[in-house]
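A short write-up of the structure that comes next.
Rendered as structure tokens:
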């Protein structure tokens with residue numbers, strides 16, 4: 001115990017505090033710019049951390065990561081463009097809130113929610129890492145397949161507006177997810193002899209195009225202001241937002257736990273976490289109909305979940321040496337270069353580094369609260385105050401820089417504009433961008449899981465048992481069936497009861 | 001605050017962002033055609049401090065991922081040829097991709113002007129620690145009596161991992177099932193989660209996972225210093241020496257002097273004992289294939305890979 005206490009004190013050194021502070025600050029800015037992702041931020045800074053003590057270096061990387069995941073919510077709220085893929089669900093209610101003139105409220109809620117999610121994720125990392133890591137190993141190809149299917153069924157729950165149109169959008173996303181060289185089998189699919197497409201549709205540039213370009217085009221054609229101003233634009237609306245989050249404390253904790261749990265599954269990531277959390281929140285909420293029109297509860301669900309994946313993702317990274325998320329992969333590489341071996345021994349033999357790191361992450365999450373609130377207020381005010389003639393070129397500039405820097409490739413920029421055009425046309429026809437992006441993200445996971453399960457089941461000469469006869473698979477299948485049929489059954493049940501009542 | 005000062009502020013922020021991008025591109029640039037965190041990235045990161053020490057110049061690592069490296073390699077010859085830019089190259093990728101995909105790969109093997117390979121990660125067969133199979137012999141006798149039931153996880157299709165299982169099938173006259181995953185991490189996850197019987201991976205997996213896995217055989221010439229108890233395939237009677245080689249290339253138009261200078265630089269870092277130690281601890285095998293040996297080496301590799309491609313039915 002004394003050991004852990006000294007680790008805690010060493011994480012509190014002035015240098016570490018300063019590093020965590022600047023890490024969070026840089027992370028928020030990078031995350032808020034569409035296209036500049038947490039992975040890239042961490043990768044750029046890796047060489048600088050070699051000059052530091054291993055634990056200090058890790059603290060910076062963790063702080064940047066935390067900041068960037070939170071920063072992604074800003075552009076989601078202010079310009080309807082997720083800064084990172086994990087903020088897709090934040091656009092559902094964040095942007096409508098901002099449109100209504102409650103952008104300041106949305107920014108504050110998102111910061112408080114991210115803080116709650118982040119803290120719960122880090123606490124799980126500190127206390128339950130080894131047992132949770134062994135749970136993540138119970139997820140094989142079959143479980144990933146069902147998890148992705150669960151995410152896809154939730155699209156119908158999320159649907160803002162037309163259900164059929166969002167299903168068509170999701171199918172388009174699924175189709176797009178198959179472009180490129182198949183991981184299993186190595187076939188080239190729908191690449192049209194363009195070698196750029198060999199690696200598949202690049203999700204982030206497609207996302208920037210689909211979400212951001214329609215907003216820019218609308219902004220140019222529209223008269224009046226981008227966002228409505230609230231009556232009291234100068235305040236943070238702190239009391240109101242704290243009260244709102246506090247009144248939804250159970251929902252916030254549920255979101256954080258969902259995020260942590262999905263975070264421990266390598267490859268699943270923040271986008272699935274926030275979608276599942278959002279879907280659950282909507283399903284169990286009293287104001288279901290308000291979701292997608294600026295419901296703070298939806299924002300809380302999404303933001304608690306995606307920040308909880310930070311702590312959750314470090315669990316397989318540190319315990320198993322398997323990166324939970326792409327930024328974790330970079331941090332794992334940095335650990336290797338510094339000669340730190342992950343795995344069981346990390347928590348026993350090199351525990352002081354691990355615990356200093358976890359405390360550092362904890363500190364960074366705490367700093368997120370004041371920093372995020374203050375910077376968020378400034379960002380919101382400037383977006384509101386900047387005249388449209390300046391705002392539009394700035395956003396276009398950012399989308400170009402962002403999509404270029406994903407792979408240092410100009411083709412990504414063309415690609416982004418191409419998707420922007422498609423997104424705008426589809427938007428006019430009433431199709432939303434989010435089902436397409438979700439289909440794109442989930443399709444790859446679902447397909448790989450399905451084919452891998454088939455190959456393994458075939459080798460075991462029992463394909464059907466491999467899909468259905470595993471405890472976690474059964475739970476997931478039940479959740480999927482519930483999601484699909486519960487609303488209909490409820491309707492039928494209510495109708496019958498009404499009929500009975502009428503007869504009486 | 002008036003509008004003007006705000007605009008100035010905004011442009012100041014942009015200038016700062018742009019300048020930070022500029023700073024990052026000073027010195028020489030090492031383009032890794034994969035995402036960050038993989039073996040190519042990690043070993044380039046290991047070279048970084050040594051390069052700085054020897055040449056007092058910064059080596060910046062950039063990423064240009066996509067298509068298993070093909071996006072980077074197909075644009076290699078458009079990069080600056082003055083030696084300020086080098087690009088990571090991998091075997092068997094640069095040979096197998098043009099064979100498997102033909103024109104669609106976007107480049108030909110001979111377009112990639114490789115000047116050095118500095119290490120390789122030997123292929124290896126691993127099982128989870130609690131697995132009943134203690135040796136390669138145990139594993140293969142299971143495969144013999146249960147054709148197709150022995151499942152291997154591995155990273156990708158037509159990759160080094162995939163090719164290893166094909167060579168093994170042929171040389172040990174067994175039938176096994178290869179299950180491709182996206183990346184080594186996912187393949188290891190499937191092994192530790194007992195979704196598959198064994199993994200066709202690299203020696204580096206054993207170094208990273210320690211006591212959680214057991215390496216049954218390694219496809220190097222000699223036993224690895226970090227794993228003196230793990231036999232090579234050769235010792236066990238299967239003539240398999242394979243793995244993923246990693247090195248660097250320059251644009252084709254680079255002068256002979258530039259090629260020689262870069263080859264010397266990479267070899268000089270290789271000769272540093274502490275660098276070698278670091279690499280060996282991670283189960284990377286340091287090799288010194290400089291610009292004067294590269295032609296013959298590539299010729300041999302092409303021959304070997306073509307033979308495997310024939311077995312796969314990729315070429316006639």
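Chains as they are written, first to last, in my numbering: chain V, 1 to 504; chain E, 1 to 316. We treat Cβ as the ideally placed atom computed from N, Cα and C, and that holds for glycine.
Contact with chain V by residue i, beta-carbon distance below 7 angstroms
i, result
"residue 225 of chain E", "no"
"residue 25 of chain E", "Note that residue 25 of chain E scores a pLDDT of 47, beneath 50, so its modelled location is shaky; the value from the coordinates is reported in the next line. By this cut-off, residue 25 of chain E is not an interface position."
"residue 180 of chain E", "yes"
"residue 46 of chain E", "yes"
"residue 22 of chain E", "Because the pLDDT of residue 22 of chain E is 45, which lies under 50, any placement of that residue in the model is unreliable, and the question is left without a value."
"residue 74 of chain E", "yes"
"residue 65 of chain E", "yes"
"residue 202 of chain E", "no"
"residue 277 of chain E", "no"
"residue 36 of chain E", "yes"
"residue 41 of chain E", "yes"
"residue 305 of chain E", "no"
"residue 70 of chain E", "yes"
"residue 158 of chain E", "yes"
Closest Cα partner of residue i within the set the options
i, options, result
"residue 432 of chain V", "V/40, V/80 and V/73", "V/80"
"residue 64 of chain E", "E/56, E/51, E/52 and E/79", "E/79"
"residue 222 of chain E", "E/137, E/249 and E/287", "E/287"
"residue 285 of chain E", "E/306, E/247 and E/302", "E/247"
"residue 122 of chain V", "V/486, V/257 and V/453", "V/257"
"residue 116 of chain V", "V/82, V/369 and V/396", "V/369"
"residue 76 of chain V", "V/195, V/408 and V/383", "V/383"
"residue 409 of chain V", "V/41, V/438 and V/195", "V/195"
"residue 62 of chain V", "V/494, V/334, V/9 and V/423", "V/334"
"residue 141 of chain V", "E/182, E/139 and E/101", "E/182"
Nonlocal neighbours in the same chain, by C-beta distance under 6 angstroms from residue i, ignoring five residues either side
i, result
"residue 25 of chain E", "Low confidence applies here, because residue 25 of chain E scores a pLDDT of 47, under 50, leaving its location unreliable; read the following figure in that light. Closer than 6 angstroms at Cβ, skipping near neighbours: no residue."
"residue 108 of chain E", "98"
"residue 285 of chain V", "297"
"residue 181 of chain V", "188 and 198"
"residue 326 of chain V", "39"
"residue 266 of chain V", "316, 322 and 324"
"residue 303 of chain E", "none"
"residue 415 of chain V", "205"
Residue range of the unbroken beta strand (DSSP E) whose run includes residue i
i, result
"residue 154 of chain E", "151-155"
"residue 119 of chain E", "113-128"
"residue 132 of chain E", "Careful: residue 132 of chain E lies outside any beta strand (DSSP E) and carries neither H nor E."
"residue 288 of chain E", "285-289"
"residue 199 of chain E", "198-202"
"residue 181 of chain E", "177-181"
"residue 466 of chain V", "From DSSP, residue 466 of chain V is part of no beta strand (DSSP E) but of the alpha helix (DSSP H) over 463-468."
Residues near residue i by beta carbon distance below 7 angstroms, same chain, minus five either side
i, result
"residue 89 of chain V", "274, 275, 278 and 302"
"residue 261 of chain E", "83"
"residue 228 of chain V", "99, 100 and 101"
"residue 33 of chain E", "64, 65, 69, 71, 72, 73, 87 and 88"
"residue 36 of chain V", "30, 402 and 405"
"residue 165 of chain V", "430 and 431"
"residue 311 of chain E", "166 and 170"
"residue 191 of chain V", "179, 180, 197 and 198"
Start-to-end residues for the alpha helix (DSSP H) that takes in residue i
i, result
"residue 55 of chain E", "39-55"
"residue 254 of chain V", "249-263"
"residue 320 of chain V", "296-320"
"residue 149 of chain V", "141-158"
"residue 336 of chain V", "326-337"
Supposed close pair residue i, residue j - CB separation, criterion 8 angstroms
i, j, result
"residue 264 of chain V", "residue 189 of chain E", "Actually they do not touch by this definition, with Cβ atoms about 11 angstroms apart."
"residue 125 of chain E", "residue 198 of chain E", "6 angstroms"
"residue 450 of chain V", "residue 145 of chain V", "5 angstroms"
"residue 226 of chain E", "residue 280 of chain E", "6 angstroms"
C-beta neighbour in chain E for residue i, strict 7 angstroms
i, result
"residue 463 of chain V", "no"
"residue 475 of chain V", "no"
"residue 452 of chain V", "yes"
"residue 199 of chain V", "yes"
"residue 351 of chain V", "no"
"residue 43 of chain V", "yes"
Own chain partners of residue i with C-beta closer than 8 angstroms, once the 5 adjacent residues on each side are dropped
i, result
"residue 177 of chain E", "148, 149, 150, 151 and 152"
"residue 148 of chain V", "272, 442, 443, 445, 446 and 449"
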